[in-house]
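Presented below is the structure to which this report refers.
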Amino acid sequence: MTSQIAQPRVLADPWVPLEYHVGASHRETTDTATLVLLSRGEQIRPFLPGQFAMLYVFGVGEIPISISGDPAAEDVLELTIRGVGAVSEALRCAPVGTPVGVRGPFGTGWRLDLPAGADLLLVAGGIGLAPLRPALLHALRHRRRYGRIVLVAGAKTPAELLFTKELAALAARADVELVVTVDRATDGWTGNVGLVTKPLAGIDLFPEWTAALLCGPEPMMRFSAKVLLDRGMPAQRIQVSLERNMKCGIGLCGHCQLGPLLLCRDGPVVPYPVAAPLLVTREL
Amino acid sequence: MVVLGREGLDRLVEVLMERGYRVIGPTVRDEAIVLDELTSASQLPFGWGVEVGPGQYRLWRRADGAAFKNSAGPQSWKQFLHPAREKLWSADRDGSGFTVTATDSEPPRYAFLGVRGCDLAAIRVLDRVLDRGEHPDSRYHRRREGIFIVGVNCTDPGETCFCVSMGTGPAVSPQPPPPCGGQGVGPTPHQPGYDLVLTESVDQRGHHFLTEAGSERGAEVLAELPTRPAGPGEVEAAETAVARAATAMGRRMPAADLPAVLAATRESERWSEIASRCLTCANCTMVCPTCFCTTTEDVTDLTGDHAERWQHWASCFELDYSYIHGGEVRTSGASRYRQWLTHKLGTWHDQFGGSGCVGCGRCIAWCPVGIDLTAEVDALVTEAGEEPR
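Chains A and B, in that order, give the protein sequences.
Under the numbering used here, think of the first position of the first sequence as 1, with each following residue one higher.
Under the numbering used here, think of the first position of the second sequence as 1, with each following residue one higher.
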């Protein structure tokens with residue numbers, strides 16, 4: 001299968017960031033924000049859903065962040081960032097106008113070129129919803145190519161759910177099936193409680209006719225995949241998005257190795273049959 | 001084939017310098033044979049041999065005055081092709097944004113004098129990693145493309161050498177031809193990948209170097225040197241010396257399907273046992289001629305208006321190497337040694353289509369506790385029940 005968007009091989013110096021600035025910043029949760037970046041000149045190439053970019057904050061440093069925006073949107077680049085370190089926290093708190101260096105897009109994308117009418121199942125844990133969002137937006141834009149579109153989104157608590165307005169809009173759509181679940185309910189929560197594996201075990205599923213995209217903590221993806229495999233889904237229909245330390249983003253620095261994979265090059269999106277044996281060995 | 005004398009070697013260094021090359025070759029410093037810029041062939045390690053073993057490296061005086069009869073030292077050519085520290089770019093604030101300026105200096109033109117088979121193979125490994133992917137390292141590419149290589153066939157391997165079992169020596173081997181159907185414009189003759197190759201010998205005819213050109217510019221340089229045609233039996237004698245070297249290796253890598261063995265032994269107790277000896281000091285990765293890992297460092301000056309990004313060598317033995325938010329992936333020494341060894345000999349095949357090991361033995365000699373990767377692989381092969389091939 002081929003990618004949806006052709007990408008030229010020849011690039012400008014992939015080490016040099018292009019200059020963007022924060023056009024808008026939307027608070028998602030107490031520790032997470034979605035940045036809308038605008039270019040000041042040359043833009044990065046179009047991205048595939050699931051790919052990541054390297055974001056540089058002047059004088060602070062650079063980190064890999066999955067692109068969370070609409071792949072069809074021109075001139076804007078959206079990324080959803082949880083503040084966990086110096087650079088991510090600087091980005092999360094960056095006021096409008098802050099300059100941000102961008103390299104990318106890098107890595108593999110979700111394979112969305114399914115047989116016409118195939119069902120699409122997206123399973124997100126926490127911030128894992130961010131890299132899945134471009135796939136969902138792509139599928140909704142090309143809605144007729146797909147059968148059912150099912151999104152199972154989990155978070156630790158209701159306060160940690162991302163894209164809540166969009167989730168509410170999705171819930172109102174007749175052509176999307178949405179299941180939101182939280183590990184722990186708080187006051188006022190009337191929805192599902194439990195890990196994403198719980199609804200996965202119960203939802204209507206046509207395993208032979210479904211592609212599953214999983215993104216979240218590794219244990220969540222392992223257990224979700226197990227549920228799907230147990231329900232008869234072929235392993236090659238499952239894709240996962242994996243994370244390791246990335247410094248260069250272009251397969252030159254070695255940091256993002258996971259066994260035979262260089263995740264910046266062979267990932268982050270990896271077919272489950274490739275990923276599965278690599279996720280069972282501790283500290284691989 | 002022609003023969004160069006001692007004075008011919010002197011002239012070789014001069015001719016290369018006249019042609020604008022910075023000549024890099026072996027020389028003795030700090031009780032080791034290091035690689036440094038030479039201005040005269042007299043700086044070569046004439047009369048120095050090397051005794052190596054696990055965790056051991058000692059120079060000794062050779063009676064024959066030979067310059068290249070010593071096994072690999074602590075350094076390799078990667079420090080010139082892929083420097084330990086390099087500035088990638090600088091950035092300056094301007095108004096509300098910043099402007100990035102890529103480092104764009106003219107690369108030095110190096111001539112590498114005395115590249116053994118193992119080390120030429122290591123350069124080819126670096127080529128595949130840094131220069132053949134989707135995003136080639138443009139700095140490496142520019143340094144690499146101008147290099148003049150004087151290879152040396154090895155006739156005196158050391159106790160830690162195992163190039164024969166890795167297929168990289170002791171002879172400097174020509175680059176394999178590109179696969180059929182490769183893209184190219186016009187009929188380009190295949191080049192062996194070195195410009196000159198020497199075989200040193202000291203015998204009743206004196207101290208001399210059987211020499212062959214491997215490229216057009218190699219032939220041009222050779223034409224400027226005082227040479228004589230090879231005498232009767234000289235070519236055969238050199239071939240015999242190299243063939244003898246092939247049987248004198250101190251070690252060998254087990255002939256097994258190493259990617260399969262290492263994938264099957266990820267959970268072996270052996271890794272913890274090795275870790276009880278390993279100091280995770282990263283020496284093996286620093287001396288390895290193919291270990292290419294780097295990290296980046298972002299720095300600013302005191303004003304905060306000028307920032308730079310530097311790249312420097314990194315090692316999979318560092319805790320920070322595998323850091324992602326929340327902690328390091330590989331905290332135990334066992335997992336870090338496993339990463340190094342399985343990458344070098346196993347997953348390198350998956351990533352870059354060949355082994356990352358060339359059999360130079362540096363990691364054995366420069367390991368402070370003398371861990372021998374050939375012995376460790378032997379144990380893992382046995383554990384995996386792999387039939388020797």
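Just so it is clear, CB atoms sit at the ideal spot from N, CA and C, and this is done for glycine as well.
Following the continuous alpha helix (DSSP H) through residue i, name the residue where it begins and the one where it ends.
| i | result |
| --- | --- |
| serine 21 (chain A) | The sequence given here has histidine at residue 21 (chain A), not serine. Segment 18-27 is the beta strand (DSSP E) holding histidine 21 (chain A); no alpha helix (DSSP H) there. |
| glutamate 7 (chain B) | 6-18 |
| phenylalanine 223 (chain A) | 218-230 |
| leucine 48 (chain A) | That residue, leucine 48 (chain A), is in no alpha helix (DSSP H); it is neither H nor E in DSSP. |
| leucine 170 (chain A) | 164-172 |
| arginine 336 (chain B) | 333-342 |
| valine 242 (chain B) | 234-246 |
| isoleucine 364 (chain B) | 362-365 |
| glycine 202 (chain A) | 197-202 |
| proline 259 (chain B) | 258-264 |
Compute the distance between the beta-carbons of residue i and residue j, then report whether it is under 8 Å.
| i | j | result |
| --- | --- | --- |
| histidine 325 (chain B) | glycine 85 (chain A) | yes |
| valine 36 (chain A) | alanine 90 (chain A) | no |
| phenylalanine 98 (chain B) | isoleucine 147 (chain B) | no |
| tyrosine 272 (chain A) | alanine 235 (chain A) | yes |
| glutamate 134 (chain B) | threonine 281 (chain A) | no |
| glycine 59 (chain A) | glycine 95 (chain B) | no |
| glycine 90 (chain B) | alanine 307 (chain B) | Correcting the residue type first, residue 90 (chain B) is serine in the shown sequence and not glycine. The answer is yes: Cβ separation under 8 Å. |
| alanine 139 (chain A) | valine 180 (chain A) | no |
| isoleucine 63 (chain A) | phenylalanine 47 (chain A) | no |
| glutamate 212 (chain B) | methionine 1 (chain B) | yes |
| valine 15 (chain B) | valine 221 (chain B) | yes |
| leucine 77 (chain A) | valine 102 (chain A) | yes |
Taking the beta strand (DSSP E) that residue i falls in, what are its first and last residues?
| i | result |
| --- | --- |
| tryptophan 89 (chain B) | 85-94 |
| leucine 132 (chain A) | Run containing leucine 132 (chain A): none in the beta strand (DSSP E); it sits in the alpha helix (DSSP H), 129-141. |
| aspartate 119 (chain A) | 119-125 |
| histidine 208 (chain B) | 206-213 |
| histidine 306 (chain B) | 306-313 |
| leucine 151 (chain A) | 149-155 |
| glutamine 239 (chain A) | 238-241 |
| glycine 104 (chain A) | 99-106 |
| arginine 265 (chain A) | Not the beta strand (DSSP E): arginine 265 (chain A) falls in the alpha helix (DSSP H), residues 263-266. |
Does any residue of chain A bring its CB to less than 8 Å from the CB of residue i?
| i | result |
| --- | --- |
| alanine 256 (chain B) | no |
| glycine 304 (chain B) | yes |
| leucine 130 (chain B) | yes |
| valine 185 (chain B) | For valine 185 (chain B), the predicted structure reports a pLDDT of 43, less than 50, and the residue's modelled location is therefore unreliable. A value from the coordinates is still provided. So no, valine 185 (chain B) is outside the interface. |
| glycine 181 (chain B) | The predicted model places glycine 181 (chain B) with a pLDDT of 46, which falls under 50 and marks its position as unreliable; any figure quoted below should be read in that light. No - not a single Cβ of chain A is within 8 Å of the one on glycine 181 (chain B). |
| tryptophan 313 (chain B) | no |
| threonine 347 (chain B) | yes |
| glutamate 267 (chain B) | yes |
| glycine 327 (chain B) | no |
| threonine 300 (chain B) | yes |
| serine 332 (chain B) | yes |
| alanine 384 (chain B) | no |
| glutamine 351 (chain B) | yes |
| tyrosine 323 (chain B) | yes |
Smallest Cα separation from residue i: which of the options?
| i | options | result |
| --- | --- | --- |
| alanine 182 (chain A) | A:Pro158, A:Arg173, A:Ile203 and A:Ala168 | Alanine is not the amino acid found at residue 182 (chain A); the sequence shown has valine there. That would be A:Pro158, whose Cα lies nearest to the Cα of valine 182 (chain A). |
| isoleucine 65 (chain A) | A:Lys198, A:Ala276 and A:Gly104 | A:Gly104 |
| cysteine 316 (chain B) | B:Thr342, B:Glu308 and B:Gly385 | B:Thr342 |
| tyrosine 114 (chain B) | B:Ala102, B:Arg62, B:His312 and B:Ser76 | Correcting the residue identity first, residue 114 (chain B) is glycine in this sequence and not tyrosine. Glycine 114 (chain B) has its Cα closest to that of B:Ser76, out of B:Ala102, B:Arg62, B:His312 and B:Ser76. |
| aspartate 391 (chain B) | B:Arg217, B:Glu220, B:Leu225 and B:Gly231 | With chain B running from 1 to 389 in the structure shown, residue 391 (chain B) is simply not present. |
| proline 170 (chain B) | B:Val100, B:Ala248, B:Glu31 and B:Gly354 | B:Ala248 |
| cysteine 360 (chain B) | B:Glu145, B:Cys291 and B:Thr103 | B:Cys291 |
| threonine 160 (chain B) | B:Arg85, B:Asn70 and B:Glu106 | B:Asn70 |
| serine 105 (chain B) | B:Arg139, B:Val129 and B:Leu126 | B:Arg139 |
| glutamate 19 (chain A) | A:Leu38, A:His26 and A:Ser25 | A:Leu38 |
| alanine 282 (chain B) | B:Ala260, B:Leu345 and B:Trp313 | B:Trp313 |
Please decide whether residue i counts as near chain B, where near means a Cβ-Cβ distance under 8 Å.
| i | result |
| --- | --- |
| aspartate 13 (chain A) | yes |
| arginine 244 (chain A) | yes |
| lysine 156 (chain A) | no |
| valine 152 (chain A) | no |
| proline 268 (chain A) | no |
| valine 274 (chain A) | no |
| serine 3 (chain A) | Note that serine 3 (chain A) scores 41 on pLDDT, short of 50, meaning its location in the model is unreliable; the coordinates nonetheless yield the value given after this. No, its Cβ sits nowhere closer than 8 Å to a Cβ of chain B. |
| glycine 97 (chain A) | yes |
| histidine 142 (chain A) | no |
| threonine 299 (chain A) | Residue 299 (chain A) is absent from the model: chain A starts at 1 and stops at 284. |
| threonine 198 (chain A) | Sequence check: residue 198 (chain A) is lysine here, not threonine. Not closer than 8 Å to any Cβ of chain B, the Cβ of lysine 198 (chain A) fails to qualify, so no. |
What residues of chain C sit near residue i, judged by a beta carbon separation below 7 Å?
| i | result |
| --- | --- |
| arginine 40 (chain A) | Given the protein chain composition of this structure (A and B), no chain C is represented. |
>> Threshold first: 3 residues or longer. Then list the beta strand (DSSP E) segments lying entirely within the stretch 22-94 of chain B, N to C.
In response: 22-29, 32-37, 48-53, 56-61 and 85-94
> Can you list the beta strand (DSSP E) stretches of 3 or more residues lying completely in the stretch 122-198 of chain B, in chain order?
Replying inline: 148-152
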